[in-house]
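In our numbering, the protein residues as written are 1109 to 1172.
Beta carbons are placed, not taken as given, at the ideal position from N, Cα and C, and that holds for glycine.
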Amino acid sequence: NRVGLPHSKSMGGGLFELRIRGREEIRFFYTFKKGVIILSAFKKKTKKTPERELNTAIKRLHNI
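Now the structure itself:
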């Protein structure tokens, strides 16, 4: 992962968060397995990442 902060952040365990900023903040959780795999995407509305979104991405990561 060559992007790094502030655009990309490691969440641990092979999970990364991509941050797209504009009028609305869009976040993608992704991983690398023979390329990039997008696990989930959501519109961020609060300062803290919603735990539900993080749990969804972790669950999908474990299923691939």
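- Query: For the beta strand (DSSP E) that contains R1131, what are its first and last residues?
  - Reply: Unbroken run through R1131: none, as it is neither H nor E.
- Message: Whole angstroms are fine: how far does the CA of R1168 sit from the CA of E1133?
- Response: 22 Å
- From T1154 to E1161, what does the alpha carbon distance come to, in whole angstroms? 12 Å
- Measure the CB-CB distance between S1148 and F1140 and report whether it falls below 8 Å. no
- Query: Can you name the start and end residues of the alpha helix (DSSP H) that K1117 belongs to?
  - Reply: Premise fails: K1117 lies in the beta strand (DSSP E), 1116-1120, not in any alpha helix (DSSP H).
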